[in-house]
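Protein chains in written order, with the UniProt record's numbering: chain L, 1 to 245; chain H, 1 to 461.
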């Protein structure tokens with residue numbers, strides 16, 4: 001199966017390791033991975049901050065770049081939700097843009113959706129001998145409704161001890177530009193999330209979104225908690241032979 | 001006399017930055033919101049047809065709003081036929097003028113009040129005070145707020161920011177007939193308020209209320225409450241004046257079936273509220289006046305995305321699940337409508353001319369918890385994002401976002417920016433200057449990688 005990887009601008013720029021992990025995981029599962037080099041950003045930051053014009057321009061670019069693929073896989077629940085949930089609201093019904101969105105949006109999958117629903121695998125052959133807790137990010141949980149797909153994948157990872165996160169469904173406080181526009185509330189929310197993570201005694205906090213992990217991880221790091229954050233893809237890509245860093 | 005929010009200075013980030021440092025407030029709000037949240041989840045969870053009820057509630061409200069003119073005229077006709085008097089108020093000033101005039105015409109100088117958001121919204125108590133009329137709040141929580149010269153901080157539980165020790169102090173300081181040995185036991189506090197209010201109920205000849213629903217076909221008004229104090233006000237005084245937002249109308253008596261299930265379960269987390277009062281015109285021999293309030297609602301109705309906010313039945317479920325409200329508290333929103341619904345309602349009703357109102361659409365992480373619990377399926381995140389597009393933006397932010405949009409719209413420009421960042425990676429300080437310190441004050445920055453994913457792909461992919 002030939003799939004296009006939508007890396008997302010945040011992962012491309014700041015977390016290339018997540019992209020490499022997706023490539024290695026999908027190849028291990030028999031997929032041919034294509035990276036359309038013209039891709040840039042889904043436009044979420046602009047649209048959600050009130051810059052619709054710029055956001056729509058980026059959305060149009062996205063639909064052009066990814067037109068014609070059977071499946072587009074994104075290692076971000078938030079960016080996948082942007083395309084699937086918000087793109088249809090940005091276009092005029094009946095317009096050319098609406099047709100372009102209708103053609104592309106349903107083919108965009110968040111990684112765990114693609115693995116469980118399209119490839120129909122829950123055991124990806126991963127090995128990761130660590131105590132891990134999982135934070136279901138808001139757009140994965142309430143936008144895409146990923147449900148227990150990530151947990152099912154993690155439970156099948158050999159050696160992994162998955163511990164439930166108290167208050168898991170509560171937002172971590174990242175919220176895109178919310179983190180800098182309302183830093184006090186964002187940090188207060190992050191502090192409570194950090195408390196939940198520490199209560200689990202986990203070594204690793206895992207999620208399907210690096211932007212939320214950048215916020216929680218930034219707080220875990222600042223407080224010298226010794227807990228590290230990892231994207232789901234990196235844990236799933238890890239094997240006995242090729243260990244995750 | 002409770003204070004008014006109108007013209008409050010500041011903005012949400014500043015107000016909430018103070019609130020998050022208040023340990024008492026954080027503790028009170030966490031405890032209260034989590035308790036109501038849990039109760040709501042359990043009584044909603046026991047209904048297998050909750051999603052159908054929710055869809056029905058949304059559909060009834062949408063249909064009503066689509067033909068609002070027709071239903072309001074029908075309501076007016078029915079109320080008038082039942083001996084009531086209907087007044088139309090374009091804005092707060094007009095509504096206040098009408099109510100003050102009606103009270104004065106009775107010759108009375110005081111009124112008892114049923115808990116009402118509409119009268120809070122228009123600042124009725126203050127307007128009446130200016131005319132020499134004293135308004136007494138009779139809802140226990142509103143009484144606490146009024147006695148403490150305080151602001152309400154929650155739609156359903158206006159004194160949610162107070163704990164029982166604080167309430168005891170307010171009663172002892174401000175309630176002239178509070179028993180000297182008053183403890184902070186909830187039963188003792190409630191009894192003190194009961195004795196205090198009983199005297200008011202028996203004395204007052206004029207009452208002012210709002211309404212949860214108005215039935216167009218019969219002209220019936222409906223109030224749901226827990227304490228029974230509302231019913232005292234609605235039934236004892238000789239004159240009853242109800243100030244109700246025009247969006248509160250429902251077409252038929254039968255439509256109530258849906259809302260009498262949706263509201264208590266979403267609001268107090270009860271299967272049924274203790275008191276449901278209904279009255280039709282002057283049928284019970286009272287002199288009844290209905291003041292239909294616009295105050296910005298028709299402007300909201302004209303907005304294709306924003307109009308869904310008019311479906312709101314003021315249940316507060318969105319406040320109780322909101323992680324931002326839980327930490328910022330209600331006062332930070334500078335409006336009688338705090339929380340997620342306030343963040344979309346206030347800027348629409350008042351406009352975004354003030355710094356505070358312009359900051360409200362940003363008072364959300366867009367986590368979507370509010371939309372999920374809303375009994376009439378108001379897509380609050382969608383309205384927030386729409387309002388952000390209409391909000392005024394600062395020049396520096398606008399310039400930055402424009403540059404970011406330009407860089408992100410082209411792969412070569414993005415790659416060049418990434419390589420520039422890589423070259424500078426050793427120079428990034430741990431604490432960033434200026435507005436970017438908002439990130440690094442509490443969080444470490446991620447390391448900038450040696451190369452971007454796209455450069456790696458080109459080399460090795």
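Positions of the beta carbon are idealized from the N, C-alpha and C atoms, including for glycine.
{"Check": "Does chain L have any CB closer than 9 Å to the CB of residue 311 of chain H?", "Outcome": "no"}
{"Check": "Within the same chain, show all residues whose beta-carbon is closer than 6 Å to that of residue 112 of chain H, passing over the 5 residues directly before and after it, in chain order.", "Outcome": "136, 138, 200, 204, 207, 233"}
{"Check": "Count the other C-beta atoms from every protein chain shown that fall within 10 angstroms of the C-beta of residue 12 of chain L, then say buried if there are 16 or more, exposed otherwise.", "Outcome": "buried"}
{"Check": "When every heavy atom of the ligand MG is checked, does at least one fall within less than 8 Å of the C-beta of residue 401 of chain H?", "Outcome": "You won't find the ligand MG in this model; it holds no ligand whatsoever."}
{"Check": "If we define contact as Cβ-Cβ less than 9 Å, is residue 459 of chain H a contact residue for chain L?", "Outcome": "no"}
{"Check": "Roughly how many angstroms lie between the CA atoms of residue 28 of chain L and residue 213 of chain L, to the nearest whole one?", "Outcome": "25 Å"}
{"Check": "Could you have a look at residue 289 of chain H and say whether DSSP puts it in helix, strand or coil?", "Outcome": "strand"}
{"Check": "DSSP puts residue 20 of chain H in a beta bridge; with which residues?", "Outcome": "None, per the DSSP bridge assignment."}
{"Check": "Under three-state DSSP, which class holds residue 239 of chain L?", "Outcome": "coil"}
{"Check": "Using a Cβ-Cβ cut-off of less than 9 Å, list which residues of the stretch 398-411 of chain H approach chain C; keep chain order.", "Outcome": "Looking for chain C here will not work: the only protein chains present are L and H."}
{"Check": "Using three-state DSSP, classify residue 245 of chain H as helix, strand or coil.", "Outcome": "strand"}
{"Check": "Rounded to whole angstroms, what is the Cα-Cα separation between residue 116 of chain H and residue 211 of chain H?", "Outcome": "7 Å"}
{"Check": "Using the C-alpha atoms, what's the distance from residue 196 of chain L back to residue 460 of chain H?", "Outcome": "39 Å"}
{"Check": "In terms of alpha-carbon separation, which member of H:412, H:78, H:359, H:349 lies closest to residue 333 of chain H?", "Outcome": "H:359"}
{"Check": "Please compile the residues from chain H whose C-beta is within a distance smaller than 7 Å of the C-beta of residue 19 of chain L.", "Outcome": "453"}
{"Check": "Going by Cα to Cα distance, which pick from H:80, H:129, H:408, H:258 is closest to residue 103 of chain H?", "Outcome": "H:129"}
{"Check": "I need the boundaries of the beta strand (DSSP E) containing residue 113 of chain H, first residue and last residue.", "Outcome": "110-113"}
{"Check": "Taking its Cβ as the centre, do 16 or more other Cβ atoms sit within 10 Å of residue 99 of chain H, making it buried, or is it exposed?", "Outcome": "buried"}
{"Check": "Please report the distance separating the alpha-carbon of residue 357 of chain H from that of residue 340 of chain H.", "Outcome": "13 Å"}
{"Check": "In the DSSP assignment, find the unbroken alpha helix (DSSP H) run with residue 393 of chain H in it and report its ends.", "Outcome": "Unbroken run through residue 393 of chain H: none, as it is neither H nor E."}
{"Check": "Indicate the three-state DSSP secondary structure (helix, strand or coil) for residue 373 of chain H in the structure shown.", "Outcome": "helix"}
{"Check": "Anyone know if the C-beta pair for residue 10 of chain L and residue 114 of chain L falls short of 9 Å?", "Outcome": "no"}
{"Check": "For residue 135 of chain L, is the classification buried or exposed, using 16 other Cβ atoms within 10 angstroms of its Cβ as the cut-off for buried?", "Outcome": "buried"}
{"Check": "Starting from the N-terminal side, write out each stretch of the beta strand (DSSP E) that is 3 residues or longer and does not extend beyond the stretch 119-192 of chain H.", "Outcome": "134-137"}
{"Check": "Quick check: is the beta carbon of residue 443 of chain H nearer than 9 Å to any beta carbon in chain L?", "Outcome": "yes"}
{"Check": "Helix, strand or coil for residue 55 of chain H? Go by DSSP, reduced to three states.", "Outcome": "helix"}
{"Check": "Of all Cβ atoms in chain H, is any one closer than 9 Å to the Cβ of residue 51 of chain L?", "Outcome": "yes"}
{"Check": "Would you say residue 145 of chain L and residue 204 of chain L are within 9 Å of each other, going by their C-beta atoms?", "Outcome": "no"}
{"Check": "Where does the unbroken beta strand (DSSP E) through residue 133 of chain L begin, and where does it stop?", "Outcome": "131-134"}
{"Check": "Going along chain H in order, which residues have a C-beta closer than 7 Å to the C-beta of residue 89 of chain L?", "Outcome": "382"}
{"Check": "For residue 119 of chain L, which beta-bridge partners are listed by DSSP?", "Outcome": "Looking at the DSSP assignment, residue 119 of chain L forms no beta bridge with any residue, so it has no partner."}
{"Check": "Closer than 9 Å, Cβ to Cβ, to anything on chain L: give me those residues from the stretch 425-437 of chain H, in chain order.", "Outcome": "435, 436, 437"}
{"Check": "Report all residues from its chain with a CB closer than 7 Å to the CB of residue 202 of chain L; omit the five preceding and five following residues, and keep chain order.", "Outcome": "131, 132, 133, 163, 227"}
{"Check": "Helix, strand or coil for residue 214 of chain H? Go by DSSP, reduced to three states.", "Outcome": "strand"}
{"Check": "Secondary structure at residue 206 of chain L, three-state DSSP: helix, strand or coil?", "Outcome": "strand"}
{"Check": "Against chain H, with Cβ distances strictly below 9 Å, would residue 38 of chain L count as a contact?", "Outcome": "yes"}
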